[in-house]
Structure formats: structure tokens, C-alpha cells
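Report on the following structure.
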Amino acid sequence: MTAFDRARVEAAVHDILIAIGEDPSRGGLDRTPARVADAYEEFFSGLGVDAVSMLGDTFAVPEGAEAEPVLVRDIEFRSVCEHHLLPFTGVAHVAYVPSNRLIGLGRIASVVDALASRPQLQERLGDEIASVIEDGVDARGVLVVLDAQHDCVRTRGPRQTRSSTVTVSSRGTLSQPAERAELMSLIGATT
44 MTAFDRARVE
54 AAVHDILIAI
64 GEDPSRGGLD
74 RTPARVADAY
84 EEFFSGLGVD
94 AVSMLGDTFA
104 VPEGAEAEPV
114 LVRDIEFRSV
124 CEHHLLPFTG
134 VAHVAYVPSN
144 RLIGLGRIAS
154 VVDALASRPQ
164 LQERLGDEIA
174 SVIEDGVDAR
184 GVLVVLDAQH
194 DCVRTRGPRQ
204 TRSSTVTVSS
214 RGTLSQPAER
224 AELMSLIGAT
234 T
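Sequence positions in the sequence shown follow the working numbering and run 44 to 234.
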């Protein structure tokens, strides 16, 4: 993977402005290529990042403790749809059943952010999060529920401004409907 090429992004945005019939040197647009490059550098900062390394140090499950599910709800994320290069934003709910290692709770949000900071599909994002958690701590089960609004649906084509897309990715014990039912109800519970 090559590093972020700011000059090429700016040149491409400059060319897009010309292609749509705009003058990239007019006031208001003269800094647009640099602004888009700034945004893209942030949006795609997860490219080349090893998401498993985002788990950091893990912790032993306390001796004698039962392997109960851990759920982190409402992790806000933003990503960019790889089909239209338009943003989608939402929340991730990530649960796992540990085998013998625990993840620092903030590290789960770091994994979500690193994987979302790439050109993505929502379905693949959920699968990638689940795989990192499963592989990173040998989890007995993983459940990832993503609820997001896609600008490619909200602002073009069908223009469904209030719709959201919910995807579910699961592994191991949490692939069984009965095993994940309690977690699904906790995700929907109000505090």
C-alpha cells in the first residue's frame, strides 16, 4: 500500500471541478482541493493500519470468573462508501464472549475507528470488526451490529433521508440466535 499522496488528491479534485464546469481558481473554490485532501487524509487514515494491533494489551479473565459476554454499545463511527465515495455514519454495538483474555473497552472503539477509516461497505466493516475481535483474543463468540445512514441513499437516487441500514455479523457462540437474543435486547434497551 502506498502512502497518502496529497498532491495527487488535490490534482484530482482540481480536475473534477473543471469536469463539472467550475473554475477551480474562483473565490470559494480556490482552496477546495486542499480541503478535500485534508478530509480524505482523515477519512482514509485506517488504510495500512493493523487493526489487531489496536487491541493493545489484553487482560486475563479473573480466575474463577465465568465467561460472560461483554457489550460496548453506541460506538459512533463514520466511514466512506467505496461505491460513491460518500460518507456513511452510525453506531456500532460490539459484544464478545471471552475465552481467557479481555479487551480494554476503549480499544474496541479504536478497532471500529481504524476499520471504518477506509473505503468500506457496511457489511464488510461488521465482518472485519468481528474477525479482529475473534482472532485478537480467541473470543468464544462475537456479535457486531451496525446501524448507519448512508449519504449515497440519503442524498442521491431514492433520497431516503430518514432510512438507516442495520447489519449483523456474528462468530462462534454468538452466531446462534438463542445465544445472541439477550445481547440484542440489551442493544435496544434504553438507559
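All C-beta atoms in this analysis are idealised placements derived from N, C-alpha and C, irrespective of residue type, glycine included.
All of these numbers come straight from a predicted model, not from anything done at the bench.
Where the alpha helix (DSSP H) through residue i begins and ends
i           : result
residue 165 : 165 to 180
residue 111 : Where residue 111 is concerned, there is no enclosing alpha helix (DSSP H), given that its DSSP letter is neither H nor E.
residue 135 : First-last for residue 135: 130 to 140, but that is the beta strand (DSSP E), not the alpha helix (DSSP H).
residue 103 : Not the alpha helix (DSSP H): residue 103 falls in the beta strand (DSSP E), residues 101 to 103.
residue 65  : Segment: none, residue 65 is in no alpha helix (DSSP H) and carries neither H nor E.
residue 224 : 220 to 231
Cβ-based neighbour list, residue i, same chain, cut-off 8 Å, excluding 5 preceding and 5 following
i           : result
residue 50  : none
residue 132 : 119, 120, 121, 122, 191, 192
residue 101 : 144, 145, 146, 147, 179, 180
Proximity below 8 Å, CB of residue i to CB of residue j
i           : j           : result
residue 130 : residue 123 : yes
residue 160 : residue 86  : yes
residue 115 : residue 148 : yes
residue 110 : residue 141 : yes
residue 189 : residue 223 : no
residue 144 : residue 95  : no
residue 157 : residue 214 : no
Three-state secondary structure (DSSP) of residue i
i           : result
residue 126 : coil
residue 73  : coil
residue 119 : strand
residue 214 : strand
residue 50  : helix
residue 196 : helix
Start and end residues, beta strand (DSSP E) containing residue i
i           : result
residue 146 : 144 to 146
residue 184 : 184 to 193
Residues near residue i in its chain [Cβ-Cβ closer than 6 Å; skip 5 each side]
i          : result
residue 56 : 76, 79
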